[in-house]
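Novice: Number 997 in the numbering used here belongs to position 764 of the first sequence; there are no gaps in the numbering.
Quick reminder that beta carbons are idealized off the backbone N, C-alpha and C, glycines included.
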Amino acid sequence: MSSERYNPRDAEPRWQQEWEKHEVFQTENDDPREKYYVLEMFPYPSGRIHMGHVRNYTMGDVVARYKRARGFNVLHPMGWDAFGMPAENAAMERGVHPASWTYQNIASMKAQLKVMGLSLDWNREFATCDPAYYQRQQHLFLDFLEKGLVYRKQSKVNWDPVDNTVLANEQVIDGRGWRSGALVEQRELTQWFFRITDFSQELLDALDTLDQWPEKVRLMQKNWIGRSEGLSLRWELVNGTAGDAAELTVYTTRPDTLFGASFLAIAADHPLARQVAATNPEVEAFCEECRRAGTSLAALETAEKKGIDTGIRAKHPLDPSWELPVYVANFVLMDYGTGAIFGCPSGDQRDLDFARKYGLPVVPVVMPKDGDAATFAIGDEAYIGDGVMINSRFLDGLSTEDAFETVASKLEKETFNGTPRAERKVNFRLRDWGISRQRYWGCPIPVIHCDDCGVVPVPKADLPVVLPPDVTFDKPGNPLDRHPTWRHVACPHCGKDARRETDTMDTFVDSSWYFTRFTAPWEDNPTDPKVANHWLPVDQYIGGIEHAILHLLYSRFFTRAMKATGHVAIDEPFKGLFTQGMVVHETYSRGEGAQREWVTPAEIRIEEIDGRRRAVLLETGEEIAIGSIEKMSKSKKNVVDPDDIIASYGADTARFFVLSDSPPDRDVIWSEAGVEGSHRFVQRVWRLVSEAAENLRATEAAPASEGEALAVSQAAHKTLRAVEADYDKLAFNKAVARIYELVNTLAAPLTQVAAGKADAALAGAVKDATTILINLIAPMTPHLAEECWREIGGEGLIAERGWPAFNPALVVENEITLPVQINGKKRADLTIARDADQSAIESAVLALDAVKTALNGSSPKKIIVVPQRIVNVVV
RNA sequence: GCGGGCGUGGCGAAACUGGUAGACGCAAGGGACUUAAAAUCCCUCGGCCUUGGCCGUACGGGUUCGACCCCCGUCGCCCGCACCA
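Okay, here's the thing in structure tokens:
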């Protein structure tokens, strides 16, 4: 009888070596079994893995191990999203080269992942900064370029005038550059774009086919694509108010509210605004101010609504005698629609705020169906809903929908200067994807600029265009620009001196096809289409909700673009998507305001005195304030290092904990007590199994059909069925709860077996149940499962064994207990044969004491019998 | 600002398609074992009223025989917003 504690420090490396030796997790592309591709979003090599990674990769690993047991040929690869700004920041701050910084980080993070015991095929590993990877990305770029899916246009960037560098949105803090503190300007640069908008409608329509995606993600993408049906409408400008310009085209989705219009507004970058600004210093100043506001939409829209009158006047399309002012407004975007709107203050909150600020009229034109036209008025809130038209002349009394139709039909038939006054137009909010980055640590864009030949693609034979290693980061700006030789190159066309493109690609490009590359990472071409088409789509993709829009939408576009260029034959890259929640933790701090200092969880101890929790600094005993629970972050110091956890409890405990308690799509709160609970479970399973092991080894597994052993077999097989369903749904927390229940049920019988007090039937049932238990925990705590399996005399590795099948006879009940309600409140239970018919149930219910008392002699109004569920007696 | 989500005991949660609210775990309290501690095992554990009942799923309404679940409104918190990944 063994009673040693389970020692993960000994067991875990041992089983990891065993798996490696047997190449259990290496995947063959030509394996005949049905394929299953499970993938977690690959990490950015920041240096250390964090608990979010542990949770993400554990979930993927459970799916991979479970599906492998279910007989699938599983592909479960891992790689590194290795380009990006942090490497350049490290280079600037510490003088370390981005490449060596990145590869060192990869080495240490890989070591951390290895310790977790993940069932990954490391043979397919790559980093996106490997020239072997980005060479194929350049190949794809050239194919896209040839296909017309890439183009150049002018576009704005955040410009730091002191550092002379382009800033990312996150580097702009309160309108200033994060390092220089200079007021950020916007600059126009010629940049590269992918034509994602060519696919707007298709990307929208295909969302309906993604039935294994969370509804909320599909909705978010739908809103992001933002299809709207509206009217492109031309307004005549009053002669002489706008120089030579005679008209202004606005896009509107609400032509029905035209009689509520009180102003027109144009973007600061609208040609008309520029024209006015040229002669009007005030408008010029305002436009400048708008440009300084930054490129982020959030910044724009949270800013106070402001504008300035351009002096231009426009004639109302339905009443030429009605003149409206044209403003430049900070909330109108040049990229959307036509960069000009008409403002209807009663029907749009922004327009209302704007009108109140500048004293413009507010005429209600839509009121709720049951409203009173005489008294309906707009206060501080616009009425944006549907309803009935008022104050709208010939539209009065129509529904919003009919008014839209009436106005649209009327105006599209009218002409103005010989062409239709208005045109129905489908508009998308989605913009083309700008991929140019004025940075070093990214995939070089493989083109050459020649004075004579223009933009010339780098011939494929010359790929990869490799980043020069000898660069400096002592000053801001793009090191590729100031490299002494790199950008000088002969034009591939005419041979004359020419210049390389020094922009590199957005790192979202790297992550838009890595899942395809994993299917054949050794291929000379970007893909082996046959292999890619076999493995794709990814059956289960798992990652953070923060990627709900950009990464996933870009990948959906990229897959279509790769299809158009013959690299794959599919449209959708991810069949199943799961978005997991974050790992959050309490925060601890001392001091207040600017003096506030954050303290790491490792530096404190939690005490509970008289029901009050307090945190105490280990070193000094000083009391530390317990703050709110927040996403683990370096700045708040509320991080727990997975290495520390694994070192003290082992990987299985860490894995089990991140799957326990919280539903996987919700945040999980990391707590020391919770980890200890998981660790107790690991120890408990080991103790129960190992103590009984000697006797179990000598016993054949045999589910029982009667007596006390039957309950053991029923519990095991029911749990097997339930956990199977939970794993299929990725409901790991529920699987954990079921497994706890099973272990609780098995505790006494296992102890009996250990003491040699079990009869043959019970011993056989316990052996069967224990085997099932080991299979159930194997995906979550694989090392413990192997250790238990060997201990009870199992053959081979659990990681290579098939999933057990539950015995249908053991999971059905012949009798069921129905709750009995009286007037919707539970008052009694009724135990009755499972197949009892309605009348049998009714008479049994009426015979119950509680029901007799409630009825007090009278007969019930109604008896509702929901088969297999509940009975409700209405008295 | 716009878009999306979430809200259930002291805490994390469960509750199938509208059908027993609180499974399972954590924390806490009590007990057993121990010289003692740890570990382990057993019991209690939403609130209020003395047993039986009443109240209770953020808050206020509604639909229903029956609502954590559906509808309307309010409040609070979180995420995304196109150059962070």
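So what does A340 bridge to, in DSSP terms?
Specialist: Answer by DSSP bridge pairing: none, since A340 is not bridged.
Novice: Exposed or buried, what is C1128 when buried is set at 16 or more other beta-carbons lying within 10 Å of its beta-carbon?
Specialist: One cannot answer for residue 1128 here, as it falls past the ends of the chain, which runs 234 to 1108.
Novice: Using DSSP bridges, identify the partner residues of G463.
Specialist: Paired residues: K658.
Novice: Distance, Cα to Cα, H950 vs E634?
Specialist: Taking the straight line from one Cα to the other gives about 58 Å.
Novice: To the nearest angstrom, report how far apart E638 and D489 are at their CA atoms.
Specialist: Straight-line Cα distance between these residues: approximately 8 Å.
Novice: Can you list, in chain order, the residues of its chain with a C-beta nearer than 7 Å to that of E321? Leave out the 5 residues immediately preceding and following it.
Specialist: These residues qualify, in order along the chain: P331, R672, Y673, W674 and F706.
Novice: DSSP three-state call for N306: helix, strand or coil?
Specialist: Note: N306 maps to strand in three-state DSSP.
Novice: Would you call the segment 459 to 478 and the segment 545 to 554 touching, i.e. three or more CB-CB distances under 8 Å?
Specialist: Yes: at least three Cβ pairs fall under 8 Å.
Novice: Report the rounded CA-to-CA distance for G997 versus N871, giving the unit in angstroms.
Specialist: Roughly 49 Å between the two C-alpha positions.
Novice: Given this structure, state the Cα-to-Cα distance separating I878 from L979, to the nearest angstrom.
Specialist: When rounded, the distance between both Cα atoms is 29 Å.
Novice: The alpha helix (DSSP H) with T984 in it runs from where to where?
Specialist: Here the alpha helix (DSSP H) through T984 covers F965 to A987.
Novice: If you follow the beta strand (DSSP E) that D629 is in, where does it begin and where does it stop?
Specialist: Counting along the chain, D629 falls outside any beta strand (DSSP E), and DSSP gives it neither H nor E.
Novice: Enumerated in chain order, which unbroken segments of the beta strand (DSSP E) with a length of 3 residues or greater are wholly contained in the segment 677 to 750?
Specialist: With a minimum length of 3 residues, the continuous beta strand (DSSP E) runs that stay inside the segment 677 to 750 are 680 to 683, 687 to 690, 721 to 723 and 730 to 733.
Novice: Helix, strand or coil for H330 per DSSP?
Specialist: Residue state, collapsed to three classes: coil.
Novice: Which residues in the same chain have their Cβ closer than 7 Å to the Cβ of F374, if we skip the five residues on either side of it in sequence?
Specialist: So the list reads V383, I678 and P679, once near-sequence residues are dropped.
Novice: If you draw a straight line from the C-alpha of S235 to the C-alpha of E253, how long is it?
Specialist: Reliability fails at S235, whose pLDDT of 45 lies under 50, so the model's placement of it is uncertain and no value is given.
Novice: Can K1000 and L929 be called in contact, C-beta distance under 8 Å?
Specialist: Yes; because the gap between Cβ atoms is below 8 Å, this pair is in contact.
Novice: Looking at the secondary structure, which residues open and close the alpha helix (DSSP H) in which Q434 lies?
Specialist: S433 to D438 is the span of the alpha helix (DSSP H), which, as asked, contains Q434.
Novice: Identify every residue that forms a DSSP beta bridge with E480.
Specialist: Answer by DSSP bridge pairing, in chain order: E469.
Novice: State the DSSP-derived secondary structure class of S893, mapped to helix, strand or coil.
Specialist: In the structure shown, S893 sits in coil (DSSP, three-state: anything other than H, G, I, E or B).
Novice: Below 8 Å on the Cβ atoms is my guess for A483 versus I574; work out the distance and round it to an integer in Å.
Specialist: A small correction: the amino acid at residue 483 is Val; Ala does not occupy that position in the sequence shown. Sure, about 5 Å apart at Cβ, within 8 Å.
Novice: Counting only the same chain and skipping the five closest in sequence on each side, list residues whose C-beta sits under 6 Å from that of S810.
Specialist: Note that residue 810 corresponds to Leu in the displayed sequence, not to Ser. Here the set comprises W446 and Y774.
Novice: Under a Cβ-count criterion, where at least 16 other Cβ atoms within 10 Å of its own Cβ denotes burial, should D243 be classed as buried or exposed?
Specialist: With fewer than 16 other Cβ atoms within 10 Å, it is exposed.
Novice: Could you tell me whether the segment 502 to 520 touches the segment 582 to 600, using the rule of 3 or more Cβ pairs below 8 Å?
Specialist: Taking 8 Å as the limit for Cβ pairs, the verdict is that the segment 582 to 600 does not touch the segment 502 to 520.
Novice: If you compare alpha carbons, which of D804, L628, G710 and M342 is closest to Y277?
Specialist: That would be M342, whose Cα lies nearest to the Cα of Y277.
Novice: Using the C-alpha atoms, what's the distance from H800 back to H767?
Specialist: Roughly 13 Å separates the two Cα atoms.
Novice: In or out: K538 buried (at least 16 other Cβ within 10 Å) or exposed?
Specialist: Buried.
Novice: Could you check the C-alpha separation between F432 and L464 for me, to the nearest Å?
Specialist: Going by the C-alpha atoms only, they are around 21 Å apart.
Novice: What residue range does the alpha helix (DSSP H) around L1109 cover?
Specialist: Limits of the chain in this structure are 234 at one end and 1108 at the other, which puts residue 1109 out of reach.
Novice: Helix, strand or coil: how does DSSP classify W411 here?
Specialist: Reduced to three states, the DSSP call for W411 is coil.
Novice: Alpha carbons only, please: which of P1037, Q259 and D874 is nearest the one belonging to G280?
Specialist: Of P1037, Q259 and D874, the residue nearest in Cα terms is D874.
Novice: Taking the alpha-carbon positions, what's the K389 to T820 distance?
Specialist: So the alpha carbons of these two residues sit roughly 39 Å apart.
Novice: Identify whether G1057 lies in helix, strand or coil by the three-state DSSP scheme.
Specialist: If DSSP states are grouped into helix, strand and coil, G1057 belongs with coil.
Novice: DSSP state of M284, grouped into three classes?
Specialist: M284: helix per DSSP, three-state reduction.
Novice: Smallest Cα separation from G1035: which of R420, Q249, R789 and R303?
Specialist: When only C-alpha atoms are compared, the closest one is R303.
Novice: How would you label F1039, buried or exposed, when you count the other beta carbons within 10 angstroms and need 16 or more for buried?
Specialist: Classification for F1039: buried.
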